[in-house]
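Colleague: Numbering (the working numbering), first residue to last: 449 to 895.
All residues carry an ideal CB built from backbone N, CA and C; glycine is no exception.
Since this is a predicted model, take the numbers as computed values, not measurements.
Have a look at the structure that comes next, please.
Here is the structure:
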């Protein structure tokens with residue numbers, strides 16, 4: 449494994465072949481990871497949901513959605529870190545400066561997050577954060593907040609380290625570790641259910657703590673053994689690189705903020721307006737699209753550093769080839785999944801998760817259409833970011849989702865949770881369905 453990890457394009461005759469091979473490895477590892485994840489969670493998670501009941505599961509998804517913004521800074525710094533490591537092309541000193549500077553930024557953010565959460569809980573309490581419908585679950589909420597906050601802060605650090613690994617085009621290793629984590633989480637969750645110890649806190653421990661253990665080991669092995677020059681040291685901190693990472697990361701932050709508003713923001717809004725029961729069904733439909741989107745991101749994740757590497761070598765022809773192939777596959781998959789959700793979503797949820805969580809036909813159709821549009825958007829975003837076009841698509845994406853979230857308030861009041869899914873469909877069709885292809889054509893013609 450060290451021999452494979454220390455390869456670089458300069459040692460391989462064809463950079464095209466090197467990038468294509470790494471891309472295939474990452475995709476294959478992601479396929480295995482996603483297959484295992486979907487298979488195991490479709491078998492075990494329904495048992496946990498049935499054991500908890502719709503309302504307790506609704507409390508869990510509200511907790512997860514309220515705190516998911518913690519990892520937003522990591523998902524914004526990681527892509528810019530990936531681009532920086534890929535552009536460094538074997539300069540060990542520069543790579544170490546990139547990682548140390550990124551970890552310093554994230555460390556400061558972690559301290560601010562802990563202070564902000566403490567102040568918010570002290571000032572507002574459960575009623576202020578979640579609403580009066582959740583008072584019966586106060587003890588579960590406080591314990592869940594404590595465990596989930598710690599787990600997400602660790603994940604925040606892991607996302608940064610994995611951003612470095614992405615720059616080496618070693619995302620196949622990350623995919624394997626994620627797969628092992630899902631296996632451990634599923635086995636642990638099955639044991640909890642068998643012992644009749646299911647609770648909101650135990651669900652968090654299984655899905656958000658145990659699942660991270662292989663990724664944590666991978667990160668420690670990467671910086672402590674395989675690439676020891678990456679080990680963070682004070683002398684490696686670079687204010688210039690920190691500013692560059694923050695500057696580039698702000699564009700990724702906007703894209704991440706847009707996704708947060710669409711996924712978690714809408715869950716929180718539906719939960720506040722309708723209560724823990726209705727939000728459970730809505731969140732479950734979004735969770736099913738999240739599982740399906742893993743098939744999309746398993747191709748797009750490795751594509752970002754590969755495009756960066758290709759542009760550093762002025763290999764625009766490879767970029768065009770990779771883009772056409774990836775877009776065709778992803779959209780064919782999205783159309784199949786979207787149609788399946790629209791036609792068979794209620795029946796599948798009723799069969800696997802129970803009638804209490806079964807969505808209406810209108811909600812299933814809206815979520816299916818939203819998944820197709822989301823795949824279109826994220827596919828364009830990945831290529832545009834790899835080509836260095838960051839701000840226009842990021843600003844457009846966050847504005848689109850801010851408008852959609854504002855539309856959710858009246859639409860949810862009238863149409864229930866279907867109104868939330870419909871709001872995001874409307875804004876995607878009105879804006880990004882045409883604007884992103886325009887940006888991509890403009891950028892490719894300018895290269």
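Taking one C-beta from the region 625–644 and one from the region 583–593 each time, how about it: are there three or more such pairs within less than 8 Å?
Modeller: Short answer: they don't touch.
Colleague: Would you call the region 837–850 and the region 777–790 in contact, with 3 or more CB pairs under 8 Å?
Modeller: Taking 8 Å as the limit for Cβ pairs, the verdict is that the region 777–790 does not touch the region 837–850.
Colleague: So, using beta-carbon positions, are residue 546 and residue 752 closer together than 8 Å?
Modeller: Their beta carbons are not under 8 Å apart, which means residue 546 does not touch residue 752 by this criterion.
Colleague: Going residue by residue through the region 682–755, where are the continuous alpha helix (DSSP H) segments of at least 4 residues, counting only ones entirely within it?
Modeller: If we require 4 residues or more, the alpha helix (DSSP H) runs fully inside the region 682–755 come out as 687–708, 714–722.
Colleague: Using beta-carbon positions only, say whether residue 737 and residue 860 come within less than 8 Å of one another.
Modeller: Going by C-beta atoms, residue 737 is not nearer than 8 Å to residue 860.
Colleague: Please classify residue 451: does DSSP put it in a helix, a strand, or coil?
Modeller: In this predicted model, residue 451 has a pLDDT of only 35, less than 50, meaning its place in the structure is not dependable; the value taken from the coordinates is given anyway. If DSSP states are grouped into helix, strand and coil, residue 451 belongs with the helices.
Colleague: Within 10 Å of its beta-carbon, does residue 771 have 16 or more other beta-carbons around it, so buried, or fewer, so exposed?
Modeller: Flag for residue 771 reads buried.
Colleague: Mapping DSSP to helix, strand and coil, what is residue 587?
Modeller: Residue state, collapsed to three classes: helix.
Colleague: Using DSSP with H/G/I as helix, E/B as strand and the rest coil, what is residue 456?
Modeller: Bear in mind that the predicted position of residue 456 carries a pLDDT of just 42, short of 50, making it unreliable; the figure below should be weighed with that in mind. It is coil, neither helix nor strand.
Colleague: Quick one: using the 10 Å Cβ neighbour count with 16 as the cut-off for buried, is residue 833 buried or exposed?
Modeller: Buried, since its Cβ has 16 or more Cβ neighbours within 10 Å.
Colleague: Distance, Cα to Cα, residue 733 vs residue 687?
Modeller: Between residue 733 and residue 687, the C-alpha separation is close to 43 Å.
Colleague: Would you report the Cα separation of residue 694 and residue 795, rounded to the nearest angstrom?
Modeller: The alpha-carbon atoms of residue 694 and residue 795 are separated by roughly 46 Å.
Colleague: Which of helix, strand or coil does DSSP assign to residue 516?
Modeller: The answer is helix: DSSP assigns residue 516 an H, G or I state.
Colleague: Could you give the DSSP three-state label for residue 679: helix, strand or coil?
Modeller: Coil.
Colleague: Is residue 846 helix, strand or coil when you go by DSSP?
Modeller: Looking at residue 846 - three-state DSSP - the assignment turns out to be helix.
Colleague: Go to residue 546, then tell me how far its alpha helix (DSSP H) extends in each direction, as first and last residue.
Modeller: Taken as a continuous stretch (DSSP letters only), the alpha helix (DSSP H) holding residue 546 covers 540–578.
Colleague: Would you call the region 707–727 and the region 863–875 in contact, with 3 or more CB pairs under 8 Å?
Modeller: Result yes; three or more Cβ-Cβ pairs closer than 8 Å.
Colleague: In chain order, what residues of the same chain have a beta carbon less than 7 Å from the beta carbon of residue 636, not counting five sequence neighbours either side?
Modeller: For residue 636, where only same-chain residues beyond five positions count, the Cβ hits under 7 Å are 654, 658.
Colleague: If you draw a straight line from the C-alpha of residue 554 to the C-alpha of residue 895, how long is it?
Modeller: Using only the alpha carbons, I get a separation of about 34 Å.
Colleague: Does DSSP put residue 885 in a helix, a strand or coil?
Modeller: Residue 885 falls in the helix class under three-state DSSP.
Colleague: Report the rounded CA-to-CA distance for residue 631 versus residue 579, giving the unit in angstroms.
Modeller: Cα to Cα, residue 631 sits roughly 35 Å from residue 579.
Colleague: With contact counted as at least three CB pairs below 8 Å, one residue from each stretch, are the region 601–615 and the region 518–525 in contact?
Modeller: Contact holds: three or more Cβ-Cβ distances are below 8 Å.
Colleague: Which residue marks the beginning of the alpha helix (DSSP H) containing residue 665, and which one marks its end?
Modeller: Element bounds for residue 665: 661–669.
Colleague: Pairing CB atoms from the region 497–511 with CB atoms from the region 799–808, are three or more of them under 8 Å?
Modeller: Yes, they touch.
Colleague: Put residue 647 into one of helix, strand or coil per three-state DSSP.
Modeller: Three-state DSSP puts residue 647 in coil, outside helix and strand.
Colleague: Is it true that the region 816–836 meets the region 866–884, where meeting means three or more beta-carbon pairs spaced less than 8 Å apart?
Modeller: These segments touch.
Colleague: What residues in its chain sit with their C-beta under 7 Å from that of residue 459, if we drop five residues either side in the sequence?
Modeller: In this prediction, residue 459 has a pLDDT of 40, which is less than 50 and means its spatial position is unreliable; what the coordinates show is noted afterwards. Cβ neighbours of residue 459 beyond the five flanking positions: none.
Colleague: Measure the alpha-carbon distance for residue 490 versus residue 518 and round it to whole angstroms.
Modeller: Between residue 490 and residue 518, the C-alpha separation is close to 27 Å.
Colleague: With a threshold of 6 Å on Cβ separation, who are the neighbours of residue 561 within its own chain once the five nearest residues in sequence on each side are excluded?
Modeller: These residues qualify, in order along the chain: 518.
Colleague: For residue 841, tell me which candidate among 498, 698, 722 has the shortest Cα-Cα distance.
Modeller: Out of 498, 698, 722, 698 has the C-alpha closest to the C-alpha of residue 841.
Colleague: For my contact list, residue 492 and residue 634 are in at a C-beta cut-off of 8 Å; report their separation, rounded to the angstrom.
Modeller: About 5 Å separates the two Cβ atoms, so the contact holds.
Colleague: Within a Cβ cutoff of 8 Å, which residues of the same chain sit near residue 857, ignoring the five residues on either side of it in sequence?
Modeller: So the list reads 717, 721, once near-sequence residues are dropped.
Colleague: Is it buried or exposed, residue 829, if we count other Cβ atoms within 10 angstroms and call 16 or more buried?
Modeller: Buried: at least 16 other Cβ atoms inside 10 Å.
Colleague: Could you check what DSSP says for residue 835 in three-state terms: helix, strand or coil?
Modeller: Coil at residue 835, not helix or strand.
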